[in-house]
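Residue numbers (the numbering used here): -6 to 282.
Glycine included, C-beta positions come from ideal geometry on N, C-alpha and C.
Here the structure comes first, spelled out in C-alpha cells, and everything after it is commentary.
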Amino acid sequence: MCNEANNMRRALRSLAAGACGMLLLFGTEGCGPSAEERAAATLVGQAEALYDMGDYRGAIDSVKALDERYHSFTDLRRGGLRIRAMATEGLIRDSIEAIEPVLVQSKLAADSLRKFFVHIEPAAEGLDGYYLAATIPASSAMETTTIQPRVDEDGYLYLTANISGRSIGLDGLKIGTGNEAWTSGQISPSRVASVEGSDVASFAPEDLEGLGAWLTAHAGAKLTGTLTGTRGMATFQISAMLREAIVRSYEFSEAWQAERKASIQREKLERKLQAVRDQLANMPLPSQD
-6 MCNEANNMRR ALRSLAAGAC GMLLLFGTEG CGPSAEERAA ATLVGQAEAL YDMGDYRGAI
54 DSVKALDERY HSFTDLRRGG LRIRAMATEG LIRDSIEAIE PVLVQSKLAA DSLRKFFVHI
114 EPAAEGLDGY YLAATIPASS AMETTTIQPR VDEDGYLYLT ANISGRSIGL DGLKIGTGNE
174 AWTSGQISPS RVASVEGSDV ASFAPEDLEG LGAWLTAHAG AKLTGTLTGT RGMATFQISA
234 MLREAIVRSY EFSEAWQAER KASIQREKLE RKLQAVRDQL ANMPLPSQD
C-alpha cells in the first residue's frame, strides 16, 4: 500500500493547496475565510498529520469531528473519508502484527505438549475421539473409583468419573488437601449413567473452572478426591501421576484454545483488512473528481 499512501498524500496536498488558494482569493476580495472554513481545513490537516505519525485512532477521530461539524464542506470531507479508510487499514495492520506472536507462541506451546498425549479413537460410531496423557492407561477410567482427564477433538479439557460398583446419584467432585479444597460445578443427571452398577459421568469444561490453576498451586501436596452424590460419596487418592496428567491436560487445553482464539482473530482481521483495501481501491482520489 506504499503507492496508495503516496497517492493519498499527493491528493490531499493538492486539495489543501486548492483550499489555501481559495482562502487567499477570498482575502484579496475583502471577504476572508469564515471561522468554519478555517476550522474544517485545520481538521483535515490534523487528520493527515496524525496519520503520518501513526496515530490512526487520532486521525479517525479528527475525520469524525469534520463529518459531524462541517457537513457542507464536501471536498474536504471526501478527503477525510480517504484518510479514515487508510487509518482504519493502519489500525487493522497493527492488530494483525500484535496477534502474530501470540499465535506463534501458543502454537509452539500446543505442539510441544501434544507429544505427551495419545489420540484415542472413537469406541463406536457416533462417539468422539479424545487425547489422553500417555502416562495413563485408557482402560483405567473404568477399572476403579477414579477420574480421568481428557482433551476433546476441539481442545477442551473434560473429566470422566467412575464409581466402581456403586450408584450414589453422582453430581459433583471435590479435590482437597488439609483444609483446602477445589469443588466442581454441579453436573446434571443427564450426564450420569449407570454401567453394571457403577456411576459413570463426565465433567464438562465449565464444571472444571479453576481446577488446573488450583492443582498447579498445590504441587507436591497429598490430594484426596471425593465424588459426591445425592445418596452418598466415594473417596479416592489422587496420585502424583494423576495430578500431573490433569495439570498437563489443562496446559495442553489452554495452549490449544489460545492458538484457536488467535487464529480466529487473525482470520477476522485479515477479512476486515481486505474489505478496507477494496474500499480504498474503489474510492476516487480527491484530485480525480
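Buried or exposed by the 16-neighbour rule on C-beta atoms within 10 Å, applied to residue i
i           : result
residue 142 : buried
residue 275 : exposed
residue 79  : buried
residue 67  : exposed
residue 257 : exposed
residue 267 : exposed
residue 36  : buried
residue 277 : exposed
residue 203 : exposed
residue 238 : buried
residue 47  : exposed
residue 56  : buried
residue 154 : buried
residue 22  : Note that residue 22 scores 46 on pLDDT, short of 50, meaning its location in the model is unreliable; the coordinates nonetheless yield the value given after this. Burial call: exposed.
residue 273 : buried
residue 103 : buried
residue 181 : exposed
Assigned secondary structure, residue i (DSSP; H/G/I helix, E/B strand, else coil)
i           : result
residue 222 : strand
residue 283 : Residue 283 cannot be examined here, being either before or after the span of the chain that is shown, -6 to 282.
residue 265 : helix
residue 201 : helix
residue 98  : helix
residue 276 : coil
residue 179 : coil
residue 80  : helix
residue 238 : helix
residue 89  : helix
residue 157 : coil
residue 120 : coil
residue 169 : strand
residue 32  : helix
residue 151 : strand
residue 27  : coil
residue 113 : strand
residue 271 : helix
residue 129 : coil
residue 174 : strand
residue 68  : helix
residue 137 : coil
Proximity to residue i [Cα-Cα], best of the options
i           : options            : result
residue 51  : 131, 77, 29        : 77
residue 144 : 241, 59, 74        : 241
residue 53  : 118, 227, 63, 39   : 39
residue 235 : 127, 98, 46        : 127
residue 270 : 75, 153, 90, 205   : 75
residue 158 : 170, 172, 139      : 139
residue 108 : 259, 244, 49, 32   : 244
residue 174 : 146, 214, 183, 147 : 214
residue 93  : 272, 273, 254      : 254
residue 147 : 43, 31, 246        : 246
residue 110 : 181, 117, 122      : 122
residue 189 : 211, 181, 137, 152 : 137
residue 184 : 176, 162, 97       : 162
residue 58  : 73, 49, 45         : 73
residue 61  : 45, 32, 81         : 32
Rounded distance between the beta-carbons of residue j and residue i, thought under 8 Å
i           : j           : result
residue 101 : residue 113 : Contact flag wrong, Cβ pair sits at about 24 Å.
residue 231 : residue 217 : 7 Å
residue 150 : residue 201 : 6 Å
residue 171 : residue 199 : Actually they are not in contact, since the Cβ atoms of residue 171 and residue 199 sit about 27 Å apart, beyond 8 Å.
residue 156 : residue 227 : 5 Å
residue 69  : residue 34  : 7 Å
residue 187 : residue 160 : 5 Å
residue 120 : residue 259 : Their Cβ separation, rounded to whole angstroms, is 32 Å, which puts residue 120 and residue 259 out of contact at 8 Å.
Near the ligand ZN: residue i beta-carbon under 7 Å from a heavy atom
i          : result
residue 98 : The ligand ZN is absent from the structure shown, which contains no ligand whatsoever.
Legend entry - Three or more C-beta pairs below 8 Å linking the segment 185 to 205 and the segment 155 to 173: yes
Legend entry - Inter-stretch contact (C-beta, 8 Å, three-pair minimum) for the segment 80 to 87 and the segment 260 to 273: They touch, by the three-pair rule.
Inset, instruction - Pair every Cβ in the segment 242 to 252 with every Cβ in the segment 216 to 230, then say whether three or more of these pairs are closer than 8 Å. - result: no
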